[in-house]
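Below is one structure; the comments refer to it alone.
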Amino acid sequence: MLHAWLVEDLPGGRVRVLTQETQIGQPAAELAGQTPNPMLNGHQAWLDGLVRAASWDA
């Protein structure tokens, strides 16, 4: 798996986070077949953590 992040500082105190990843191979195929999907849940948890971290400075 490869994962890249681009974090952009936007006007008005906003931030944009763009991510891109590739998932190939047997481990990725096994994760994709699970319900609930651990990759989707992991990404959401990561985003929720970013929001919490950003809110501490607000």
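Quick note on numbering: the numbering used here labels position 4 of the sequence shown as -6, and the sequence is numbered without any gaps. From the three backbone atoms N, C-alpha and C, an ideal C-beta is built for every residue, glycine too.
Could you check the C-alpha separation between residue i and residue j for me, to the nearest Å?
i: leucine 40; j: alanine 19; result: 27 Å
i: valine 5; j: leucine 30; result: 21 Å
i: histidine -9; j: threonine 12; result: It is worth fixing the name first, because residue -9 is methionine in this sequence and not histidine. Going from the Cα of methionine -9 to the Cα of threonine 12 covers about 5 Å.
i: alanine 43; j: leucine 21; result: 28 Å
i: leucine 0; j: glycine 32; result: 25 Å
Would you say residue i faces chain D, with C-beta separation under 8 Å as the test?
i: threonine 12; result: Judged by its chain identifiers, the structure shown contains no chain D, having just a single protein chain.
Would DSSP call residue i helix, strand or coil?
i: glutamine 10; result: strand
Name the two residues that bound the continuous alpha helix (DSSP H) containing residue i.
i: methionine 29; result: 28 to 46
i: proline 17; result: 16 to 22
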